[in-house]
Each structure stands twice: as structure tokens, then as C-alpha cells.
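Below is one structure, written out as C-alpha cells, with a few remarks after it.
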């Protein structure tokens, strides 16, 4: 029995691959937007430098189509290739040809003129057209509003020029301003404290005690009566101008040592002069002879104190021809800072704000501020410790803190709060 062969039996179709470099080759296209009509024809262009890259172009009355098989000099696809088969009915054969993949983008011809124009420019054009319509056909109120808007409109070009001018002016002015380090150095040099070493590693080396009490000034302090009669209260009252428990306790301890420290004794007496001067008003300072008698010191010592911790009143003199001095706020701050440093040096670089407040007759908070200004750290202590370590009976109820000078020295930062 015979079998009838079907006309389209696939087993008889011949398959071939065209490897020729024909000028016209098929392409596989994808469309990103509009799809052209089926009757559209495309023109193929190939790059001379790269044989496999091609461009296809077509157009109609409204749209242009441009397709490329590459993007930024790189093929659209990598690692694979596409083949298109063409069936020939006459020869009953299929021929496969390599087809590059192209991505076709469409452009509306009517919008080509707007390409490259920023959205802001388009918006400005719309606003300009809207304004022209308002001027031509708007109401009286609308036209008035348009004129007001024109007057209030900022010319950005002019603003840019002004910004350049302002920037140049600021640069010129700021170039002469001191740097942060220069401001810090100026602030440190203006502190009302004795000369100090910011790099010192131990508290005893921070302050220059020669600046606190120079040897030339210490020579004016006569301590021979105290050394001769350390327990004579009359001698003590004659040489010490104040009733300070701190000074009394330190002098008593120093004078009763087997080998008294002459320098420390003079510093303790010098401290008593400074405390007495701090408690004196400007009316007392104006009378030089009365001041010398009140300070229980030599006239040379009084002159040294006045020249360092007071200012001369221009045009005023005492009956003996000596100048009249007065304390200013700056000089008073300097005086109390020197007092604080002397108290620290005589007490192992530890001081109690309550004791300083009691001797100067000031509030405890103010005494804490002065001790902090010379670089001390404030630490809380018990009332029992204050009573055991201080000699001023009034100091126990004044403050519950002690001030410790630590190295390297750190001064308090200036407050940014407005006064």
C-alpha cells in the first residue's frame, strides 16, 4: 500500500545559512514608542569603522524613526546573536541570515524645534505670553496687577553681579581679620593672671612665682621681727594687716619649723598685703600715708602694690607730691587672681572658695569664679573636710567645693550667652 506525501512535509525542506557579506541584510527591530505602518521602508546604514554596527532610518509625514544596534559604542546585546530565516516556496528551502538587533526610537517632527529648550525657558515663554494677553485684553485691575508684578520682579542677572561684588568685599574685609589662633593668643595674653606656662606638667611649674612676687619687691618685706618672736601676738598684729585665719595658720606653721622657709613667709605676708588692699575702697587708696599705715608695710612696698594693682589718677597728687591711685574693675580682677594664686601656692595648689570668700568678704559663687579663672577645677567636698582643712569659721557654711590646680592648665572657655 502506497502512502501519499504531503505537499508541506518539513522533512523535505532544505535548510541553509547565508554567510555572504551581502550589502542588504535583515535586522531585528524593537520599537520604544510608535510602531510604523507595515508598508514603511527603512534604509540601512553601516558604520565604516565597525562592520557589525548599523543604523536604520525611516519617516512619514509626522514621525521620524531612527534605530541603532549600538549604544555608547557598545552593542545592545552581548553573548548572543540573532538569526532570521527566509522561506523560499519555489525551492522549498529556508535560508538563515545573521540579523543585528536594533532599537528604534521615534521623534515627532512638530516637536523637534522644542528639543534642547529647558523647562524653565518654556515656562518663561508661557508666562510672557500670559502677561501680554493680560496687558492687551485684561481688565484695569488685571493690568495694574501686571505692572506691580513687573516692578517687584527681581532681576537675577543683576543679583548675580551684586553677589560677586558683595563676595569680593567680604573677602577683602575678612582677609585682615585675625585667625582663631590669633584670637586665642590675644585672649590668653589679656588674662588678669600671673605669667604662666601652658605646657607645664606639674602644678608647681604652671605659674611663674617670680612674676607673682619679684625678688626686688620681696626685699621690702621685713620678716625679722616675726622670726625673732614667732609667738608674740603684738609683733604679729604689727606686721600682719588683716585678720585672716588662712594667713595666720600658714605663718604659724612656717615660723615654727626648725628651718623656716624665708620665701614662703614673705609670700604669706605679701598675701596679707594684697588681701588688705582688695578690701580697701578708692577713698582709702587716695590717701597714701593712711594706706601705708593700714597695710603695715614699708612705703616702697606700698608703691610697688599701687603701681601693679592700681591706676594713677591723672592730675591728682597727695600733699607729699605722690600720685593718687584708684582701683578699676580690671585691676581688681587682677589683684584677686594674684591672691588666688598665692593661696594655692601656700596650700599645696588646693584652695577652698569659702576661705577666699571669707577673707575678701565676697560671695562664695564669686570666689569660685575667680579660682576657676586661674585654671582651677572645682570639686565637691563635704562640710567636714572644709571644717578640717580651713581656718575660717565662716567658711563652713559658705561653700561645699574645693579648687584644685591641675596640669596642664585649662582656662574656662568664654560664655556665648548674651549678657
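Residue numbers (the working numbering): 15 to 433.
Heads up, the beta-carbon is just placed ideally off N, CA and C, and yes, glycines get one too.
In this text, all values refer to a predicted model and were calculated from it rather than measured experimentally.
Item	Value
First through last residue of the alpha helix (DSSP H) which encompasses residue 305	302-309
Distance CB(residue 334)-CB(residue 261) smaller than 9 Å	no
Residue 390 - containing beta strand (DSSP E), residue span	390-394
Cβ contact (3+ pairs, closer than 8 Å) linking the region 357-376 and the region 251-271	yes
Bridge partners - residue 29, DSSP secondary structure assignment	108
Residues sharing a beta bridge with residue 45, DSSP	118
Residue of 195, 98 and 395 minimising C-alpha distance to residue 31	98
Integer Cβ distance of residue 415 from residue 382, believed to fall under 8 Å	6 Å
Beta-ladder partner(s) of residue 362, from DSSP	Beta-bridge pairing links residue 362 to no other residue.
Residue 93 - DSSP class collapsed to helix/strand/coil	coil
Beta-carbon proximity check, residue 41 vs residue 80, cutoff 9 Å	no
Environment of residue 229 [buried if 16+ CB atoms lie within 10 Å]	exposed
Option nearest residue 283 by Cα separation, candidates 188, 394, 401 and 226	226
Span of the beta strand (DSSP E) around residue 213	Segment: none, residue 213 is in no beta strand (DSSP E) and carries neither H nor E.
Those residues which DSSP pairs with residue 337 across a bridge	331
The region 289-296 in contact with the region 342-351 per 3-pair CB rule at 8 Å	yes
Given 8 Å, three or more beta-carbon pairs between the region 94-109 and the region 146-163	no
Touch test, the region 316-336 against the region 184-192, Cβ-Cβ under 8 Å, three pairs minimum	no
Span of the alpha helix (DSSP H), counted from its first residue to its last, around residue 56	Looking at the DSSP string, residue 56 is not in any alpha helix (DSSP H), and its letter there is neither H nor E.
Contacting residues, own chain, Cβ-Cβ under 8 Å from residue 195 (five flanking each side not counted)	none
Cβ neighbour criterion (16 or more within 10 Å) applied to residue 210	buried
Residue 220, enclosing alpha helix (DSSP H) - first and last residue	Run containing residue 220: none; DSSP gives neither H nor E here.
Spatial neighbours of residue 325 in its chain, beta-carbon cut-off 7 Å, leaving aside the 5 residues before and after	339, 340, 342 and 345
Beta-carbon separation (whole angstroms), residue 107 vs residue 78, contact threshold 8 Å	Wrong, their Cβ atoms sit about 37 Å apart, outside the cutoff.
Same chain, Cβ closer than 6 Å to residue 254, five either side skipped, listed in chain order	286
For residue 99, the residue or residues it bridges with in DSSP	110
Where the beta strand (DSSP E) through residue 72 begins and ends	68-73
Assigned secondary structure, residue 231 (DSSP; H/G/I helix, E/B strand, else coil)	helix
Residue 172 versus residue 179: straight-line alpha-carbon distance, rounded	11 Å
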